[in-house]
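What the sequence shown shows, in this note's numbering, is residues 197 to 438, in sequence order. Just so you know, even glycine gets a beta-carbon here, dropped at the ideal spot from N, CA and C.
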Amino acid sequence: MVNGWGLSETQWGGYGRFQRVKPEWLTRLPDAFSLEQAMGIGTAGYTASLCVEALVKWGTIAPGGKEVLVTGAAGGVGSVAVALLARAGYPVTASTGRPETHEYLRGLGATGFIDRAALLEKGPPLQKERWAGGVDSVGGLTLVNALSQTVWGGAIAACGLAGSSDLPGTVLPHILRSVTLIGIDSVMAPAGRRTAAWERLARDLDPRTLAAMYEVQPFEALPDLAAKILAGRIRGRVVLKI
Ligand SMILES: NC(=O)c1ccc[n+]([C@@H]2O[C@H](COP(=O)([O-])OP(=O)(O)OC[C@H]3O[C@@H](n4cnc5c(N)ncnc54)[C@H](OP(=O)(O)O)[C@@H]3O)[C@@H](O)[C@H]2O)c1
Numbered sequence: 197m198v199n200g201w202g203l204s205e206t207q208w209g210g211y212g213r214f215q216r217v218k219p220e221w222l223t224r225l226p227d228a229f230s231l232e233q234a235m236g237i238g239t240a241g242y243t244a245s246l247c248v249e250a251l252v253k254w255g256t257i258a259p260g261g262k263e264v265l266v267t268g269a270a271g272g273v274g275s276v277a278v279a280l281l282a283r284a285g286y287p288v289t290a291s292t293g294r295p296e297t298h299e300y301l302r303g304l305g306a307t308g309f310i311d312r313a314a315l316l317e318k319g320p321p322l323q324k325e326r327w328a329g330g331v332d333s334v335g336g337l338t339l340v341n342a343l344s345q346t347v348w349g350g351a352i353a354a355c356g357l358a359g360s361s362d363l364p365g366t367v368l369p370h371i372l373r374s375v376t377l378i379g380i381d382s383v384m385a386p387a388g389r390r391t392a393a394w395e396r397l398a399r400d401l402d403p404r405t406l407a408a409m410y411e412v413q414p415f416e417a418l419p420d421l422a423a424k425i426l427a428g429r430i431r432g433r434v435v436l437k438i
């Protein structure tokens with residue numbers, strides 16, 4: 197299996213049935229997953245797992261402890277982050293702009309909800325310490341507020357810019373509360389991190405949960421799907437049958 201390394205970005209071959217790639221780019225697919233399931237998880241799920249790995253290593257989140265925030269929770273990264281954290285016993289608060297996804301997210305293990313609008317308002321640089329850690333795929337004010345609400349010594353693993361690529365905040369959470377912003381890039385991640393992320397997915401992503409996260413569509417549906425994705429009307433992932 198291969199994720200990132202510039203495929204469909206700086207390397208030709210997107211949507212091809214066969215592709216020639218460098219052997220060191222390949223990650224062994226865990227026995228737990230079929231090829232279809234692996235693509236249902238996709239780069240989004242693998243990135244979510246990289247974020248969870250980083251947070252767990254950071255050490256301030258604890259099973260049964262303080263809440264862990266997941267932003268963009270109903271999206272591809274968010275859904276898998278919720279499921280992985282919940283399965284490992286961390287209490288997850290999901291931030292979403294779509295209340296109709298609450299039941300789906302509760303099914304993945306979220307126990308708390310925060311409207312995404314609440315994290316989009318500019319607040320003071322240091323706010324009430326609420327999150328032991330977090331996974332952010334939204335960026336912008338959402339990430340700034342998440343950092344401002346993180347406990348002393350905690351960390352937010354940030355991987356996305358679904359809302360904005362800006363970071364309109366202050367250094368105060370970092371210099372007065374030792375809060376850390378962990379950057380996550382899946383594309384150039386070295387082999388060891390990839391393997392650890394896929395092992396976590398194989399261990400903690402329940403197959404029934406995974407089945408609820410993606411749908412399979414024919415290749416011909418791609419133009420319609422693209423419009424729906426841009427309009428925010430797709431929940432989770434779509435696997436294309438080539
Ligand atoms: N660093 C990496 O290696 C890496 C890898 C994969 C993805 N990414 C990035 O991570 C982000 C998420 O990817 P994805 O595949 O999960 O995308 P996705 O399925 O489209 O989900 C993004 C979610 O973000 C929320 N959102 C969208 N627009 C927003 C806005 N204006 N303000 C606040 N929230 C908003 C929505 O969540 P709700 O519907 O729940 O509100 C949406 O479902 C993208 O920016 C992507 O480029 C980075």
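In this structure, the straight-line span from the alpha carbon of V331 to that of A354 is close to 6 Å. For Y410, no alpha helix (DSSP H) encloses it; the enclosing beta strand (DSSP E) starts and ends at 410-414.
Following the DSSP letters along the chain, one finds A328 inside the beta strand (DSSP E) bounded by residues 327-332. A direct Cα-Cα distance of roughly 28 Å separates V217 from M409. Secondary structure note for A353: its beta strand (DSSP E) is the uninterrupted segment 346-354. Ranking P419, L231, W394, H298 by CA distance to the CA of R431 puts H298 first.
DSSP, read as helix, strand or coil, puts G293 in coil. Secondary-structure assignment with DSSP links L436 through a beta bridge to Q413.
If you check the CB distance, T256 and A387 do not come in under 8 Å. Nearest neighbour of L337 by Cα position, chosen from M197, A328, T289, P320, turns out to be P320. In the three-state reduction of the DSSP assignment, I237 falls in the helix class, which pools H, G and I. With a threshold of 7 Å, the Cβ atom of I378 does not count as near ligand 1, since no heavy atom of the ligand is closer than that. Distance check between E220 and each of R390, D402, T405 places R390 closest, using alpha-carbon atoms only.
Under the DSSP assignment, T405 falls in the alpha helix (DSSP H) whose first and last residues are 403-407.
Using a Cβ-Cβ distance cut-off of 8 Å, the segment 413-432 and the segment 260-267 are not in contact, since fewer than three pairs of beta carbons, one from each stretch, lie closer than that value. Here Y211 is exposed: its Cβ has fewer than 16 other Cβ atoms, across all protein chains shown, within 10 Å.
The beta carbon of D381 sits closer than 7 Å to at least one heavy atom of ligand 1. Here the distance from the Cβ of G308 to the nearest heavy atom of ligand 1 is not below 7 Å. Two segments are said to touch when three or more pairs of C-beta atoms, one from each, lie closer than 8 Å; by this definition the segment 264-277 touches the segment 240-248. Annotation: the continuous beta strand (DSSP E) that includes V266 extends over 264-266. Collapsing the DSSP output to three states places D362 in coil.
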